[in-house]
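Chemist: I'd like to ask you about the structure that follows.
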Amino acid sequence: MDFNLSEERSLLGASIDRFLQNADSAEKIIKGGDQNLANNAGFWQEAAELGLIEALLPAKAGGLGGEGLDFMLVFELLGKHLVNAPFLSTAILGAMPLWLEDTQKYSALLADVGAGKSRLALAISEAESRYDIHYADTTATLIEGGHYQLSGHKAVVLGASDASHLVVSAKMEGGGADIGLFLVDGSAKGLKLRSYQTIDAQLAADIWLDNVSASCITEKGGAILSQTAAAGALCLSAEAVGLMDVMKDATIEYVKTRKQFGRSIGSFQVIQHRLVDLLMEIEQTRSATMLAAAHLFSPPDIRDKHISAAKNLAGRTGKLVAEETIQLHGGIAMCWETDIAHYAKRLTMIDHYLGDSDYHLKQMMRLSA
Amino acid sequence: MDLNYSESERAFRDEVRDWLAQNLPAALRDKVKNHKRLSKEDHHLWHEKLRSRGWLCWHWPVEHGGTGWTPVQKHIFEEEMIAAGAPRIIPFGPNMLGPVLIEFGSETHKKTYLPRILNCEDWWCQGYSEPGSGSDLASLKTKAERRGDVYIVNGQKTWTTLGHHADKMFCLVRTDPNADKPQKGISFLLIDMNSPGIEVRPIYTLDGEHEVNEVWLTDVEVPVENLVGVENEGWTYAKYLLTFERTGIAGVGYSKQLLSHLKSLAHRQKEGGQPLAQDPLFAARLAEVEIDLMAMDMFNLRTVSAAGAGKAPSAESSLLKIKGTQIRQRISELLRQAVGPYACPYISEQFDEGYNEPPIGPEDAMPLARQYFNLRKLSIYGGSNEIQKNIVAKTVLGL
Numbered sequence: 000m001d002f003n004l005s006e007e008r009s010l011l012g013a014s015i016d017r018f019l020q021n022a023d024s025a026e027k028i029i030k031g032g033d034q035n036l037a038n039n040a041g042f043w044q045e046a047a048e049l050g051l052i053e054a055l056l057p058a059k060a061g062g063l064g065g066e067g068l069d070f071m072l073v074f075e076l077l078g079k080h081l082v083n084a085p086f087l088s089t090a091i092l093g094a095m096p097l098w099l100e101d102t103q104k105y106s107a108l109l110a111d112v113g114a115g116k117s118r119l120a121l122a123i124s125e126a127e128s129r130y131d132i133h134y135a136d137t138t139a140t141l142i143e144g145g146h147y148q149l150s151g152h153k154a155v156v157l158g159a160s161d162a163s164h165l166v167v168s169a170k171m172e173g174g175g176a177d178i179g180l181f182l183v184d185g186s187a188k189g190l191k192l193r194s195y196q197t198i199d200a201q202l203a204a205d206i207w208l209d210n211v212s213a214s215c216i217t218e219k220g221g222a223i224l225s226q227t228a229a230a231g232a233l234c235l236s237a238e239a240v241g242l243m244d245v246m247k248d249a250t251i252e253y254v255k256t257r258k259q260f261g262r263s264i265g266s267f268q269v270i271q272h273r274l275v276d277l278l279m280e281i282e283q284t285r286s287a288t289m290l291a292a293a294h295l296f297s298p299p300d301i302r303d304k305h306i307s308a309a310k311n312l313a314g315r316t317g318k319l320v321a322e323e324t325i326q327l328h329g330g331i332a333m334c335w336e337t338d339i340a341h342y343a344k345r346l347t348m349i350d351h352y353l354g355d356s357d358y359h360l361k362q363m364m365r366l367s368a
Numbered sequence: 000m001d002l003n004y005s006e007s008e009r010a011f012r013d014e015v016r017d018w019l020a021q022n023l024p025a026a027l028r029d030k031v032k033n034h035k036r037l038s039k040e041d042h043h044l045w046h047e048k049l050r051s052r053g054w055l056c057w058h059w060p061v062e063h064g065g066t067g068w069t070p071v072q073k074h075i076f077e078e079e080m081i082a083a084g085a086p087r088i089i090p091f092g093p094n095m096l097g098p099v100l101i102e103f104g105s106e107t108h109k110k111t112y113l114p115r116i117l118n119c120e121d122w123w124c125q126g127y128s129e130p131g132s133g134s135d136l137a138s139l140k141t142k143a144e145r146r147g148d149v150y151i152v153n154g155q156k157t158w159t160t161l162g163h164h165a166d167k168m169f170c171l172v173r174t175d176p177n178a179d180k181p182q183k184g185i186s187f188l189l190i191d192m193n194s195p196g197i198e199v200r201p202i203y204t205l206d207g208e209h210e211v212n213e214v215w216l217t218d219v220e221v222p223v224e225n226l227v228g229v230e231n232e233g234w235t236y237a238k239y240l241l242t243f244e245r246t247g248i249a250g251v252g253y254s255k256q257l258l259s260h261l262k263s264l265a266h267r268q269k270e271g272g273q274p275l276a277q278d279p280l281f282a283a284r285l286a287e288v289e290i291d292l293m294a295m296d297m298f299n300l301r302t303v304s305a306a307g308a309g310k311a312p313s314a315e316s317s318l319l320k321i322k323g324t325q326i327r328q329r330i331s332e333l334l335r336q337a338v339g340p341y342a343c344p345y346i347s348e349q350f351d352e353g354y355n356e357p358p359i360g361p362e363d364a365m366p367l368a369r370q371y372f373n374l375r376k377l378s379i380y381g382g383s384n385e386i387q388k389n390i391v392a393k394t395v396l397g398l
């Protein structure tokens, strides 16, 4: 076994880390009000030039990475620096269905994505689907020769408002149990978006489709969706690990300096033990995330077992770390001015994307029975 | 033993419920239920209604204009207020300062301030915490120096809830910096917020809201007759007040309201087209917290009843604070969890009066994440849960 990243990945990680450190600080942007790094064209372009987006795409899609370990590396760093730019929605959720299905057909679009010129989003969630990625009330009606019309409502679609194209799931009219995947132009007629910020400072939208013209990516998209959602869950787990490392370290620093009853509160055993618990659970989550990264492209049952283990732990540990780091900071962590508050909001809400800890617990129950 | 409400207690509940049904303005009730921001005027309106019924200072004994209710009646009143969707009574005057003045205030204090609290003339705030004195409240540094007929007060208070609305502040100050213990040398002063040298600065919380403040005091002159009780004995009064703060913090009524909201959501929310309430895992989570709350309800009644009418509750109230806040936080977490992805959208304007855009997702979804984050304060304020455990270990267990 070898637990180290390759030299190539280590170098890439170091340069991304430096770039994000020096970039327009994400905390500052979030704290400054309702802004998002997604709106910062300079940041996105620089990130693309550095290869940050291409690191998330495989060579066959014009990228430089696209493996589980690349995802883990990049998203841990995005978490560390609390970056709220649309890497997940564009480079993972939007791009993956395209390159899994047909790299040739979508090569131009994927090249634009890698170069930071185009953005994508994946519209699967619906009002009654919750975390079931294979459920859709949105319908696809065949018009002619691979062209369809879509009608329905998609909920909380990350990165939708500035996406040039949407990848949309829909049930095939008269089709079987499988679910279709479609490519929709972001400016298509009949497409209505209501954009908003999320409480964890992401950009998202609800989308209404009224006989929107779409080209079919695949009529049997279930397997591709599972693979894509698995990658997304891995990325979120890695991001959680990056967030939690920062929050734990900031809390250790705080309890060393905060004095009550004439001594640093970190000198109390009850505080020490709680921080030890955080460290232990974070290392558990990091380990599960590494396993998930290694199994991202394993056969579905093996893949999903490892992905669900990681996302479940990220959810459980994320709750623990968010609540405990706030509690150990006390009132100061409840302030907008304090970084930890924004880290805690993101960490907590990660549990609301691509399956919460209970959803993945149920997957695990099914897969390990 | 009879664990049922008596006939007269049930009649009292009906009386409170009927009064609320007739007197709580629908517009105000809707604002509370929809988590809208309440203005100072909203609070005043509601205090005024309660005043007219004689229920604003429901903690006080009858001779001072209070209700003289039994602990069980108080419990019923709180439950019905919350269930009806009434705004909370801003506690600083009616629930906190009032009992302290009744117990320790001079005749002049009682004559001057109690009627003004009863009649909603003064809005009080609490000057306890300081940046360096949170859990270790007794280490507070704001100092008051006696010069003739006045104290000169200098220092900084923090977490002052609704201090930006307040006319007056009850404030802990250090009058003897050389006392042998930090608890000695603290005094309890009543300060006019319009005094020169007072500056109130907002603190914005993690949800972007403004409820708490910093209060800076620079050479503020306070007449010596505004001292409550004896100089340097203020810690006794401060602790007396905190025991009153603590029982309300158990928040059983709030937890019941949250639980009923959670059940309603669980029936409306669907996953893969199936109701969430039928998901065995979610149903188990819900059932577990309901068990905790059923027990908590009885634990709360046992403890407050043991204290007797009009008396300060015992150290066991610390247990109520810990368990009560844990349960309330847990239900707020399940509420956030229940709406799945729809916990994420957040439009701050939605919480303003007059925002009429359609909701995103279920109409009651958007406040839930904010509520969850906001309620993290429960285990921090009013003496953090860690401090409550210290109190129990020392006072109840004798360790």
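Chains as they are written, first to last, in numbering that gives the first Met the number 0: chain A, 0 to 368; chain B, 0 to 398. Glycine is no exception: its CB is placed at the ideal position from the N, C-alpha and C atoms. Treat the numbers as computed from the prediction; the structure is a model and nothing was measured.
#1: Within 7 Å (strictly less), CB to CB, does TRP335 (chain A) reach chain B?
#2: Does the segment 316-335 of chain A come close enough to the segment 243-255 of chain A to have 3 or more Cβ pairs within less than 8 Å?
#3: The ligand FAD and LYS167 (chain B): does the residue's C-beta get closer than 6 Å to at least one heavy atom of that ligand?
#4: Flag ARG375 (chain B) as yes if its beta-carbon sits less than 7 Å from any beta-carbon of chain A, otherwise no.
#5: Mind checking ASP161 (chain A): buried by the 16 CB within 10 Å criterion, or exposed?
#6: Taking all protein chains shown into account, decide if TYR354 (chain B) is buried (16 or more other Cβ within 10 angstroms of its Cβ) or exposed.
#7: Under 7 Å between C-beta atoms, does VAL155 (chain A) make it to chain B?
#8: Determine which residues of the segment 165-198 of chain A have a Cβ less than 9 Å from any Cβ of chain B, and write them out in chain order.
#9: For the segment 113-143 of chain A, which residues have a beta carbon sitting closer than 9 Å to at least one beta carbon of chain B?
#10: Classify ASN3 (chain A): buried if its beta carbon has 16 or more other beta carbons within 10 angstroms, exposed otherwise.
#11: Name the chain B residues that come within less than 7 Å of LYS344 (chain A), Cβ to Cβ?
#12: How would you write the range of the beta strand (DSSP E) that PHE2 (chain A) sits in, first residue to last?
#13: Hey, out of A:ALA110, A:LEU81, A:ASN83 and A:ALA84, whose CA is closest to MET95 (chain A)'s CA?
#14: Exposed or buried, SER307 (chain A), counting other C-beta atoms within 10 Å across all chains shown (16 or more means buried)?
#15: What's the call for ASP69 (chain A), buried or exposed, on a 16-neighbour Cβ count within 10 Å?
#16: Pick helix, strand or coil for GLU224 (chain B), following the three-state DSSP scheme.
#17: Are the segment 314-331 of chain B and the segment 222-240 of chain B touching, with three or more C-beta to C-beta distances below 8 Å?
#18: Would you mind telling me which residues of chain E sit closer than 7 Å to LEU360 (chain A), beta carbon to beta carbon, in chain order?
#19: Check the C-beta distance from SER214 (chain A) over to LEU182 (chain A) and give it rounded, since I have them as a contact under 8 Å.
#20: Could you name the residues of the segment 335-346 of chain B whose beta carbon sits closer than 9 Å to any beta carbon of chain A, in the order they occur along the chain?
#21: Measuring CB atoms only, is the segment 265-278 of chain B touching the segment 316-324 of chain B, in the sense that at least three cross pairs come out at less than 8 Å?
#22: Is ALA368 (chain B) closer than 7 Å to ALA337 (chain B) when the C-beta atoms are compared?
#23: Short check: CB of SER369 (chain A) to CB of ALA200 (chain A), under 7 Å?
#24: Figure out for me which residue from A:LEU242, A:THR138, A:HIS272 and A:SER266 has the closest Cα to the Cα of GLU75 (chain A).
#25: Looking at C-beta atoms only, is the number of pairs between the segment 221-229 of chain B and the segment 95-113 of chain B that lie closer than 8 Å three or more?
#26: When you compare each of A:LEU290, A:GLY62 and A:PHE86 to TRP98 (chain A) by their alpha carbons, which one comes out closest?
#27: What is the residue span of the alpha helix (DSSP H) that MET246 (chain A) lies within?
#28: So that I know if they touch, is there some Cβ in chain B lying closer than 7 Å to that of PHE260 (chain A)?
#29: Just the Cα atoms here: how many angstroms apart are ASP33 (chain A) and ILE198 (chain A)?
#30: When you compare only the Cα positions, how much space is there between PHE281 (chain B) and ALA291 (chain A)?
#31: Under 8 Å: do the segment 189-197 of chain A and the segment 271-287 of chain A share three or more Cβ pairs, one atom per stretch?
#32: Give me the DSSP bridge partner(s) of ASN231 (chain B).
#33: Kindly indicate which residue of A:LEU121, A:LEU165 and A:GLU172 has the alpha-carbon position closest to the one of THR140 (chain A).
#34: Work out the CA separation of LEU2 (chain B) and ASP218 (chain B) for me, nearest whole Å.
#35: By how many angstroms is the C-alpha of MET348 (chain A) removed from the C-alpha of ALA90 (chain A)?
#36: What residues from chain B crowd round VAL269 (chain A), counting only those whose CB sits closer than 7 Å?
Modeler: Judging by the given coordinates:
#1: Position 336 of the first sequence, counted from the first residue, corresponds to residue 335 (chain A). Yes, TRP335 (chain A) counts as interfacial toward chain B.
#2: Segments in contact, yes.
#3: Within the structure as shown, the ligand FAD is missing, as the structure has no ligands at all.
#4: Position 376 of the second sequence, counting from 1, holds the residue named residue 375 (chain B). Yes, because at least one Cβ of chain A sits closer than 7 Å to the Cβ of ARG375 (chain B).
#5: Within the first sequence, the letter at position 162 stands for residue 161 (chain A). It is buried - the Cβ of ASP161 (chain A) has at least 16 other Cβ atoms within 10 Å.
#6: Looking up residue 354 (chain B) in the second sequence gives position 355. If you draw a 10 Å sphere on the C-beta of TYR354 (chain B), you find fewer than 16 other C-beta atoms in it, and that means exposed.
#7: Walking along the first sequence from the start, residue 155 (chain A) turns up at place 156. Yes, its Cβ sits closer than 7 Å to a Cβ of chain B.
#8: Correct list: ARG193, TYR195, GLN196, THR197 and ILE198.
#9: Only those residues of the segment 113-143 of chain A whose C-beta falls short of 9 Å from the nearest C-beta of chain B are listed: SER124, ALA126, GLU127, SER128, ARG129, TYR130, ASP131, HIS133, TYR134 and ASP136.
#10: Residue numbering aside, residue 3 (chain A) sits at position 4 when the first sequence is read from its first letter. An exposed status is given to ASN3 (chain A), since fewer than 16 other beta-carbon atoms sit within 10 Å of its beta-carbon.
#11: On the first sequence, position 345 is the one that residue 344 (chain A) refers to. The answer, in chain order, is LEU205 and PHE372.
#12: On the first sequence, position 3 is the one that residue 2 (chain A) refers to. No beta strand (DSSP E) contains PHE2 (chain A), which DSSP labels as neither H nor E.
#13: Residue mapping note: residue 95 (chain A) aligns to position 96 of the first sequence, counting from 1. Checked all of A:ALA110, A:LEU81, A:ASN83 and A:ALA84; the closest Cα to MET95 (chain A) is A:ALA110.
#14: Reading the first sequence from its first residue, position 308 is the one you call residue 307 (chain A). Here SER307 (chain A) is buried, its C-beta having at least 16 other C-beta atoms within 10 Å.
#15: Counting from 1 along the first sequence, the entry for residue 69 (chain A) is found at position 70. ASP69 (chain A) comes out buried.
#16: For the purposes of this step, residue 224 (chain B) is identified with residue 225 of the second sequence, where counting begins at 1. Helix at GLU224 (chain B).
#17: Judged by Cβ distances under 8 Å, the segment 314-331 of chain B makes no contact with the segment 222-240 of chain B, as fewer than three pairs qualify.
#18: Included in the structure are the protein chains A and B, with no chain E among them.
#19: Position 215 of the first sequence, counted from the start, is the residue given in the question as residue 214 (chain A). Position 183 of the first sequence, counted from the start, is the residue given in the question as residue 182 (chain A). About 5 Å separates the beta carbon of SER214 (chain A) from that of LEU182 (chain A), a gap short enough to meet the 8 Å contact definition.
#20: Of all residues in the segment 335-346 of chain B, ARG335, GLN336, VAL338, GLY339, PRO340, TYR341, ALA342, CYS343, PRO344, TYR345 and ILE346 have a Cβ within less than 9 Å of some Cβ in chain A.
#21: Counting C-beta pairs closer than 8 Å gives fewer than three between the segment 265-278 of chain B and the segment 316-324 of chain B, which falls short of the contact rule.
#22: Translated into positions along the second sequence, residue 337 (chain B) becomes position 338. Translated into positions along the second sequence, residue 368 (chain B) becomes position 369. Between ALA337 (chain B) and ALA368 (chain B), the C-beta spacing is not below 7 Å.
#23: Past the edges of chain A, shown from 0 to 368, lies residue 369 (chain A), and the structure says nothing about it.
#24: As a first step, residue 75 (chain A) is located in the first sequence; it is residue number 76 there, counting from the start. It is A:LEU242.
#25: Yes, since at least three Cβ pairs between the segment 221-229 of chain B and the segment 95-113 of chain B fall closer than 8 Å, the two stretches touch.
#26: One-based indexing of the first sequence puts residue 98 (chain A) at position 99. Of the candidates A:LEU290, A:GLY62 and A:PHE86, the one whose C-alpha sits nearest the C-alpha of TRP98 (chain A) is A:GLY62.
#27: The count along the first sequence starts at 1 and reaches residue 246 (chain A) at position 247. 221-256 is the span of the alpha helix (DSSP H), which, as asked, contains MET246 (chain A).
#28: Taking the first residue of the first sequence as position 1, residue 260 (chain A) is located at position 261. So yes, PHE260 (chain A) belongs to the interface.
#29: Walking along the first sequence from the start, residue 33 (chain A) turns up at place 34. Walking along the first sequence from the start, residue 198 (chain A) turns up at place 199. Low confidence applies to ASP33 (chain A): its pLDDT is 49, below 50, so where it sits in the model is not reliable enough to give any reading.
#30: By one-based count along the second sequence, residue 281 (chain B) stands at place 282. By one-based count along the first sequence, residue 291 (chain A) stands at place 292. In this structure, the straight-line span from the alpha carbon of PHE281 (chain B) to that of ALA291 (chain A) is close to 25 Å.
#31: The segment 189-197 of chain A is not in contact with the segment 271-287 of chain A.
#32: Translated into positions along the second sequence, residue 231 (chain B) becomes position 232. ASN231 (chain B) is not bridged by DSSP to any residue.
#33: What you label residue 140 (chain A) is simply residue 141 of the first sequence in a count that begins at 1. The candidate whose alpha carbon is nearest that of THR140 (chain A) is A:GLU172.
#34: If you number the second sequence from 1, residue 218 (chain B) lands on position 219. If you number the second sequence from 1, residue 2 (chain B) lands on position 3. Distance between the alpha carbons of ASP218 (chain B) and LEU2 (chain B) is about 56 Å.
#35: Translated into the one-based positions of the first sequence, residue 90 (chain A) becomes position 91. Translated into the one-based positions of the first sequence, residue 348 (chain A) becomes position 349. Rounded to the nearest whole angstrom, the CA to CA distance from ALA90 (chain A) to MET348 (chain A) is 20 Å.
#36: Within the first sequence, residue 269 (chain A) is the residue found at index 270, counting from 1. Correct list: GLU385.
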